[in-house]
Amino acid sequence: MSLSLTEKQPMLGPYDLGAGLKLRNRVVMARMTRARADNPSLTSATSTESHSANHRQRAGAGLIVSEGTWISTEAVGAVNVPGMYGLKQARAWRPVTSAVHAEGGAIFAQLAHTGAASHPVTREALGTARIAGVVEQYRSAASNARLAGFDGVELDAQRGCLIAQFLDPAPNPRTDAYGGTAEGRARLLFAVLDAVVGVWGPHRVGVKLAPHQVRGESNEASPEALAVHEQVAVRLNDYPLAYLHVMTARRPDARVTEARRRESLGLFRPLYRGTLIANASLDQESGNAVVSEGLADLVSFAALSISNPDLPQRFEQLIST
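Okay, so the sequence shown: first residue is 0 according to numbering that gives the first Met the number 0, each after it adds one.
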């Protein structure tokens with residue numbers, strides 16, 4: 000008896016993300032910085048038409064996650080990256096989301112703040128009043144993403160962004176309510192999550208973590224930082240999330256071995272009971288293996304999505320017999 004398409008390639012089967020959002024397959028286009036917003040207002044792109052066409056071509060993926068979008072002018076940490084902090088930007092994104100929806104796809108906006116990396120000045124701890132302001136900026140950006148027609152939002156809590164800086168004991172030596180313990184270091188993340196879920200409701204907000212990221216010359220993640228991420232993953236079960244997105248990479252742009260990937264997913268799969276997305280160095284074979292073995296529910300691709308606009312269709316044509 001011949002195997003069905005989804006038996007051969009579990010990634011190509013449909014998936015119910017909840018809240019009425021049914022994905023045509025389990026392939027996710029990962030967030031990637033394209034740096035095309037070279038205009039003063041940092042709207043979605045200089046040419047909205049080309050930006051829309053770029054996303055329309057890739058709408059065959061079950062879900063697209065936009066490039067990171069700044070939640071405020073204070074959050075900016077790279078040139079030519081679009082924002083989500085004004086109505087003008089929300090309007091500029093709408094042709095993009097409409098193009099994806101016209102092709103039957105779904106798209107989330109990733110909300111980002113680069114924190115201490117955003118300005119080349121001496122770092123100083125955010126006061127509690129300013130932290131409250133940052134939370135409000137996330138709330139406002141989440142509202143703008145709704146106006147822009149996105150299907151949900153993803154919180155960037157990985158690598159060097161502000162939320163990740165709070166989660167990691169090394170850049171966060173605070174001893175107040177936002178530091179000192181795992182609960183304290185995660186306080187900002189959950190304050191932001193409360194605000195954004197309040198805007199979007201259940202199953203429309205995702206969180207992206209990079210729990211095994213390394214610092215300096217080390218080849219291993221900080222045990223202290225990893226412990227914080229483990230506690231965060233467990234606590235996320237209390238939230239009606241769309242998903243938890245786990246980047247298994249140790250360093251930016253570094254290949255992840257199968258053993259390392261299994262180490263990361265094997266740790267976090269039992270901790271988080273909701274939808275889990277696996278990311279970093281995956282291809283057709285490893286992506287299907289991750290899904291079939293239950294290590295993740297969805298699989299995200301960055302470089303492959305850029306170089307192959309019709310990635311799921313290409314996977315389908317490369318079925319091994």
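Even for Gly, the Cβ is constructed at its ideal location relative to N, Cα and C. Note that the structure is a prediction, hence the values are computed from the model and not measured.
Report the residue from the options whose alpha carbon sits nearest the alpha carbon of residue i.
i, options, result
"Gly-293", "Gln-283, Ala-279 and Leu-264", "Leu-264"
"Glu-102", "Val-227, Arg-260, Leu-22 and Leu-4", "Leu-22"
"Leu-275", "Leu-125, Arg-129 and Met-246", "Met-246"
"Thr-68", "Ala-141, Ser-51 and Arg-173", "Ala-141"
"Ala-190", "Leu-2, Pro-201 and Tyr-177", "Tyr-177"
Using a Cβ-Cβ cut-off of 8 angstroms (strictly less than) and excluding sequence neighbours within five positions of residue i, which residues of its own chain qualify?
i, result
"Ser-304", "Met-28, Ala-29, Met-31, Arg-57, Ala-60 and Leu-310"
"Glu-48", "Pro-94"
Does the beta-carbon of residue i, which I'm using as the reference point, lie nearer than 7 angstroms to any heavy atom of the ligand MN?
i, result
"Ala-52", "For the structure depicted, the ligand MN is absent and the ligand set is empty, with no information on it obtainable."
Rounded to a whole number of angstroms, what is the C-alpha to C-alpha distance between residue i and residue j?
i, j, result
"Gln-109", "His-244", "12 angstroms"
"Trp-92", "Leu-235", "29 angstroms"
"Ala-232", "Phe-267", "7 angstroms"
"Ile-63", "Tyr-242", "13 angstroms"
"Gly-159", "Thr-113", "7 angstroms"
"Arg-313", "Arg-254", "22 angstroms"
"Thr-174", "Gly-132", "20 angstroms"
"Ser-319", "Asp-15", "Note that Ser-319 has pLDDT 48, beneath the 50 cutoff, so the model's placement of it is unreliable and no number is given."
"Ala-226", "Asn-79", "35 angstroms"
"Asn-53", "Glu-6", "30 angstroms"
"Ser-97", "Gly-148", "7 angstroms"
"Glu-262", "Pro-239", "26 angstroms"
"Gly-12", "Leu-317", "15 angstroms"
Pick helix, strand or coil for residue i, following the three-state DSSP scheme.
i, result
"Gly-85", "coil"
"Gln-136", "helix"
"Asn-218", "coil"
"Ala-258", "helix"
"Met-28", "strand"
"Ala-253", "coil"
"His-244", "strand"
"Leu-2", "coil"
"Leu-235", "helix"
"Asp-282", "coil"
Please classify residue i: is it buried, with 16 or more other beta-carbons within 10 angstroms of its beta-carbon, or exposed?
i, result
"Arg-184", "buried"
"Ala-302", "exposed"
"Val-204", "buried"
"Ser-321", "Any answer about residue 321 is impossible in this case: the structure gives the chain only from 0 up to 320."
"Glu-66", "buried"
"Asp-296", "buried"
Please return the same chain residues whose Cβ sits closer than 6 angstroms to the Cβ of residue i, not counting the five positions on each side in sequence.
i, result
"Val-206", "Leu-154, Ala-156 and Leu-243"
Which residues in the same chain have their Cβ closer than 7 angstroms to the Cβ of residue i, if we skip the five residues on either side of it in sequence?
i, result
"Arg-214", "Ala-169 and Ser-221"
"Glu-219", "Val-213"
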